[in-house]
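Quick notes on the structure that follows.
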Amino acid sequence: MTASAFESKSVTVGGAAIQYLVAGKGAPLLWLHGSEGNAGWLRLHDELARHFTVYVPTHPGFAGSDRPPWLESFVDLARFYLWIVQQLGITRATLAGHFIGGWLAAEMAVMSPQVVERLLLVDAAGVRPREGEITDIFLQGGEGTRRLSFFDAKQVVDYELLFGKKPTPEEREAQVINREAVTRYCWKPYMHDPSLPALLERLRALPTLIVWGREDRIVPLEAGELYRRAIAGARLEVIDHCGHFPQLEKPAEFMRAVGPFLGL
Amino acid sequence: MFIMRFTERPYVAYTEEDVRGSFRSAVRLTFSNSHFDPALGADLYNEYLDEYQFAEEAGFDGLMLNEHHNTPTCMGAAMNLEAAILARITQKAKIILLGNPLPIFDNPLRLAEELAEIDMISRGRLVSGFVRGTGIESWATNTNPVHNRERFEEAHDLVIKTWTQPGPFRWEGKHYQFRVVNPFVRPLQQPHPPVWIPGLGSPETLDWAARRHYPYIYLETDPQVTVQMTELYHKSAAETGYTPGPQNFGYLWRIHVQDTDEKASEVGKGFLIGNAGIGRVPMPGDFMAPAGYNSREGSKRILEQYKHSIRPDALYGGVDAAGWDAVVASNRVVVGSPKTVLRKIREGLEILRPGILGMWTNDGTIGHKDTMRCLQLMKEEVLPAVHEMGKELGLPGPFEQAP
Numbered sequence: 022m023t024a025s026a027f028e029s030k031s032v033t034v035g036g037a038a039i040q041y042l043v044a045g046k047g048a049p050l051l052w053l054h055g056s057e058g059n060a061g062w063l064r065l066h067d068e069l070a071r072h073f074t075v076y077v078p079t080h081p082g083f084a085g086s087d088r089p090p091w092l093e094s095f096v097d098l099a100r101f102y103l104w105i106v107q108q109l110g111i112t113r114a115t116l117a118g119h120f121i122g123g124w125l126a127a128e129m130a131v132m133s134p135q136v137v138e139r140l141l142l143v144d145a146a147g148v149r150p151r152e153g154e155i156t157d158i159f160l161q162g163g164e165g166t167r168r169l170s171f172f173d174a175k176q177v178v179d180y181e182l183l184f185g186k187k188p189t190p191e192e193r194e195a196q197v198i199n200r201e202a203v204t205r206y207c208w209k210p211y212m213h214d215p216s217l218p219a220l221l222e223r224l225r226a227l228p229t230l231i232v233w234g235r236e237d238r239i240v241p242l243e244a245g246e247l248y249r250r251a252i253a254g255a256r257l258e259v260i261d262h263c264g265h266f267p268q269l270e271k272p273a274e275f276m277r278a279v280g281p282f283l284g285l
Numbered sequence: 061m062f063i064m065r066f067t068e069r070p071y072v073a074y075t076e077e078d079v080r081g082s083f084r085s086a087v088r089l090t091f092s093n094s095h096f097d098p099a100l101g102a103d104l105y106n107e108y109l110d111e112y113q114f115a116e117e118a119g120f121d122g123l124m125l126n127e128h129h130n131t132p133t134c135m136g137a138a139m140n141l142e143a144a145i146l147a148r149i150t151q152k153a154k155i156i157l158l159g160n161p162l163p164i165f166d167n168p169l170r171l172a173e174e175l176a177e178i179d180m181i182s183r184g185r186l187v188s189g190f191v192r193g194t195g196i197e198s199w200a201t202n203t204n205p206v207h208n209r210e211r212f213e214e215a216h217d218l219v220i221k222t223w224t225q226p227g228p229f230r231w232e233g234k235h236y237q238f239r240v241v242n243p244f245v246r247p248l249q250q251p252h253p254p255v256w257i258p259g260l261g262s263p264e265t266l267d268w269a270a271r272r273h274y275p276y277i278y279l280e281t282d283p284q285v286t287v288q289m290t291e292l293y294h295k296s297a298a299e300t301g302y303t304p305g306p307q308n309f310g311y312l313w314r315i316h317v318q319d320t321d322e323k324a325s326e327v328g329k330g331f332l333i334g335n336a337g338i339g340r341v342p343m344p345g346d347f348m349a350p351a352g353y354n355s356r357e358g359s360k361r362i363l364e365q366y367k368h369s370i371r372p373d374a375l376y377g378g379v380d381a382a383g384w385d386a387v388v389a390s391n392r393v394v395v396g397s398p399k400t401v402l403r404k405i406r407e408g409l410e411i412l413r414p415g416i417l418g419m420w421t422n423d424g425t426i427g428h429k430d431t432m433r434c435l436q437l438m439k440e441e442v443l444p445a446v447h448e449m450g451k452e453l454g455l456p457g458p459f460e461q462a463p
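Here the protein sequences line up with chains G and F, keeping their order. Heads up: the first sequence runs through residues 22 to 285, numbered per the numbering used here. Heads up: the second sequence runs through residues 61 to 463, numbered per the numbering used here.
And the structure:
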């Protein structure tokens, strides 16, 4: 499996063209991106594609995918995503996601647990911490959020590739579109769904792994613990010296944490 | 010519260091209210009301107020309260609200009621302007900026219907739902108080205002850009078979007069820290215009319009980006003796041809005493002459010729 082997495709759902990248063989796994939008086919996706057919969709309203005009809230987004999954011909999939992608996976799971094989939540939004707070990334702005995202940016092998270069006008435009999408879905209540904690109890039979960077300064580890407590049988793997993006900042540790769970 | 008087009612008892110590060095939104002294605030509110009361006596046709939140640059956080007081303590001047930031109201019916009360207490002197608010207003009230324009338009439609259609009726909109719309008190002016729309020239708003024949008040926009924006308004109006005139346009202008040019120039520098705040530290762009606040197309057009402006930071900074001398030389701020000021006003009126002139007489560190002297000179030497100028240049206001 090499990075060049993925395909870029599109599926039309309820009149909206949804873009996705796909590669690999095996049972379906959806990787749901965070607030930064679809950053393309990453090393992580390559690793997963050795064992799964990996789908990396671009969320509706983010740069590359349409937003149906009625889609306004985060719950709308989850309901619509179940339709996307159906349209892709997937009856049951592993749902994995980071930050708002993890939140999205959790919302989809509590709505339709029967379509979820396993749930992998990485530094996920969605549950409001009791002691700490989810950092206001809108108030922090792009630079401030970037600064808070990593325990040590030098640990991120692909940092230059992902964040180092000056964005082209098209990339800048995409950033604006992505920020607008996050604002639409996550502004209020900010980055959480007050009903979600109660509904997570429904997932007691669902194999669930929660992975968190111990030093996550965007979504505090406490939120990971709340997820673990809410989902009976869920495990929480905490990666030390690691911020909000374990899959980028500590890729080896991340794969070691998820390997047994995913049967890699 | 309709002439109104304006000030942002600033609070300036803080330092540049205070601003730099604020989260993201912002003078608005996150600038801590621990810097506010309510005892001083009490004095200021009363002084500002005194000034407006005297402005009526000085001969201004209108008293203009505005509203902002979480900022020392404008103490009018609850503008309708100030308007209600002016409604009672003045007799003939119009009370011009530019304007109520519609998107941040979760209950526009309450707003319709407040405005109806002001209109009745003032015996029909209310001009009800509506705005989208800056991004700060969205932040301060936690209103999703991506819905700003939709909420502006829907709240407007609801308020106008509430004023003009007998209740009870039902409203099931996208952002507002009310099953029994029936506020018992209705405005005195029929069918409803005049609506004016102030702004910086967002093309969508210009188009929207033109289609409703609402006068558009340019908030001290670049003159050249203003002329282009007026063309946009004319174009949209023409599509509805309507021909606008000077009565459809207003221009807000910083104009400060003192006995001599030297004194006026010295005192007038206070304008520089008006809506930019002490230290004139630039505001973060995403505070003033968070993601989704402007349409992507609209943002591009606004930036294009402002490219050649004297103020490259037109949206986020102060009027001072070009430096005081350049600003004064360009007529963006008019300071001087009555004679100088009258000459400059004429130059501006000839280019912009507004039927409504907003005189932003003082701001920033321009104190009460200098402001009162300015208003006195306005009364004696400026306002009568500008009214004459309006006649001579054929610039009727909206109360001389209905828009």
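Glycine included, C-beta positions come from ideal geometry on N, C-alpha and C. Being a predicted model, the structure only gives us computed values, none of them experimental.
* **Alpha-carbon to alpha-carbon, Q196(G) and M343(F)** => Walking along the second sequence from the start, residue 343(F) turns up at place 283. Walking along the first sequence from the start, residue 196(G) turns up at place 175. Taking the straight line joining both Cα atoms gives about 21 Å.
* **R230(F) beta carbon less than 8 Å from that of V219(F)** => In the second sequence, the residue the question calls residue 219(F) occupies position 159. In the second sequence, the residue the question calls residue 230(F) occupies position 170. Not a contact, by the Cβ cut-off of 8 Å.
* Straight-line Cα distance separating A389(F) from Q102(F) -> One-based indexing of the second sequence puts residue 102(F) at position 42. One-based indexing of the second sequence puts residue 389(F) at position 329. According to the sequence provided, residue 102(F) is Ala. The question's Gln does not apply to it. Rounded to whole angstroms, A102(F) to A389(F) spans 37 Å at the Cα level.
* Asked: In whole angstroms, what is the alpha-carbon distance linking S82(F) and E138(G)?
  -> As a position in the second sequence, residue 82(F) is number 22, starting the count at 1. As a position in the first sequence, residue 138(G) is number 117, starting the count at 1. Each residue's Cα considered, the two are about 48 Å apart.
* What are the complete alpha helix (DSSP H) segments, minimum 4 residues, inside the stretch 135-171 of chain G? -> Counting only runs of 4 or more, we get 158-170.
* In the stretch 200-231 of chain F, which residues sit with their C-beta less than 7 Å from some C-beta in chain G, listed in chain order? -> N202, N204, P205, V206
* Taking all protein chains shown into account, do 16 or more other C-beta atoms lie within 10 angstroms of the C-beta of D261(G), making it buried, or fewer, making it exposed? -> Taking the first residue of the first sequence as 1, we reach residue 261(G) at position 240. That one is exposed.
* Asked: Just how far apart, CA to CA, sit H265(G) and V177(G)?
  -> Here residue 265(G) refers to the residue found at position 244 when the first sequence is read from its first residue. Here residue 177(G) refers to the residue found at position 156 when the first sequence is read from its first residue. So the two alpha carbons sit approximately 12 Å from each other.
* Note down, one range per segment and in chain order, each alpha helix (DSSP H) of at least 4 residues found wholly within the stretch 210-284 of chain F. => 263-271
* Cβ-Cβ separation, H213(G) to I155(G) (assumed contact under 8 Å), whole Å -> In the first sequence, counting from the first residue as 1, residue 155(G) sits at position 134. In the first sequence, counting from the first residue as 1, residue 213(G) sits at position 192. That pair is a contact at about 7 Å.
* Asked: Hey, is P163(F)'s beta-carbon within less than 8 Å of any beta-carbon in chain G?
  -> Indexing the second sequence from 1 puts residue 163(F) at position 103. No, P163(F) does not count as interfacial toward chain G.
* To do: Determine, using beta carbons only, whether P342(F) comes closer than 8 Å to chain G.
  => For this step, residue 342(F) is matched to residue 282 along the second sequence. No, its Cβ sits nowhere closer than 8 Å to a Cβ of chain G.
* To do: To the nearest angstrom, report how far apart G305(F) and M64(F) are at their CA atoms.
  => Taking the first residue of the second sequence as position 1, residue 305(F) is located at position 245. Taking the first residue of the second sequence as position 1, residue 64(F) is located at position 4. One C-alpha to the other measures close to 19 Å.
* **C-beta neighbour in chain G for P98(F), strict 8 Å** => Along the second sequence, read from residue 1 onward, the residue named residue 98(F) stands at position 38. It does not; no Cβ of chain G falls within 8 Å.
* Please classify D373(F): does DSSP put it in a helix, a strand, or coil? => Counted from its first residue, the second sequence places residue 373(F) at position 313. Note that D373(F) has pLDDT 43, beneath the 50 cutoff, so the model's placement of it is unreliable and the number below is only indicative. Looking at D373(F) - three-state DSSP - the assignment turns out to be coil, as it is neither helix nor strand.
* **Best match in L162(F), R246(F), G184(F), Q225(F) for proximity to S198(F) [C-alpha to C-alpha]** => The residue labelled residue 198(F) in the question sits at position 138 within the second sequence. The candidate whose alpha carbon is nearest that of S198(F) is L162(F).
* Where does Y76(G) fall in DSSP's three states? -> Taking the first residue of the first sequence as position 1, residue 76(G) is located at position 55. In the structure shown, Y76(G) sits in a strand (DSSP, three-state: E or B).
* To do: On the DSSP bridge assignment, give the partners of K30(G) in chain order.
  => In the first sequence, counting from the first residue as 1, residue 30(G) sits at position 9. According to DSSP, K30(G) bridges with Y41(G).
* Proximal residues, the stretch 196-218 of chain G versus chain F, C-beta separation under 7 Å -> V197, R200, E201, T204, R205, W208, K209
* To do: Using the Cα positions of L443(F) and A386(F), report the straight-line distance between them to the nearest angstrom.
  => What you label residue 443(F) is simply residue 383 of the second sequence in a count that begins at 1. What you label residue 386(F) is simply residue 326 of the second sequence in a count that begins at 1. A straight line joining the alpha-carbon of L443(F) with that of A386(F) spans about 26 Å.
* Is there at least one Cβ from chain G nearer than 8 Å to G195(F)'s Cβ? -> Here residue 195(F) refers to the residue found at position 135 of the second sequence. Not one beta carbon of chain G lies nearer than 8 Å to the beta carbon of G195(F).
* Taking 7 Å as the line, does the beta carbon of T189(G) fall inside it for any heavy atom of the ligand MN? -> No copy of the ligand MN appears in this structure; indeed no ligand is present at all.
* Asked: Which residues in the same chain have their Cβ closer than 7 Å to the Cβ of A253(G), if we skip the five residues on either side of it in sequence?
  -> By 1-based counting over the first sequence, the position of residue 253(G) is 232. Answer for A253(G): R225, listed in chain order.
* Asked: Among P251(F), L312(F), G301(F), which one has its Cα closest to the Cα of Y276(F)?
  -> As a first step, residue 276(F) is located in the second sequence; it is residue number 216 there, counting from the start. Residue L312(F) is the option with its Cα nearest to Y276(F).
* Cutoff 7 Å; reference K46(G); Cβ partners in own chain excluding five residues on either side -> Locating residue 46(G) in the first sequence gives position 25, counting from the first residue. Closer than 7 Å at Cβ, skipping near neighbours: T74.
* **chain F within 8 Å of G162(G), Cβ atoms only** => One-based indexing of the first sequence puts residue 162(G) at position 141. By this cut-off, G162(G) is an interface position.
* To do: Return no unless some Cβ of chain F is closer than 8 Å to the Cβ of F120(G).
  => The sequence position of residue 120(G) within the first sequence is 99, counting from 1. No - not a single Cβ of chain F is within 8 Å of the one on F120(G).
* In the stretch 182-243 of chain G, which residue ranges form an unbroken beta strand (DSSP E) of at least 3 residues, counting only runs that do not cross its ends? -> 229-234
* Asked: Is the CB-CB distance between T79(G) and G110(G) below 8 Å?
  -> Along the first sequence, one-based indexing puts residue 79(G) at 58. Along the first sequence, one-based indexing puts residue 110(G) at 89. No, the pair does not count as a contact, with Cβ atoms beyond the cut-off.
* Does the beta carbon of F159(G) sit closer than 8 Å to a beta carbon anywhere in chain F? -> As a working mapping, residue 159(G) is identified with position 138 in the first sequence. Taking Cβ atoms only, chain F reaches closer than 8 Å to F159(G), which makes this a yes.
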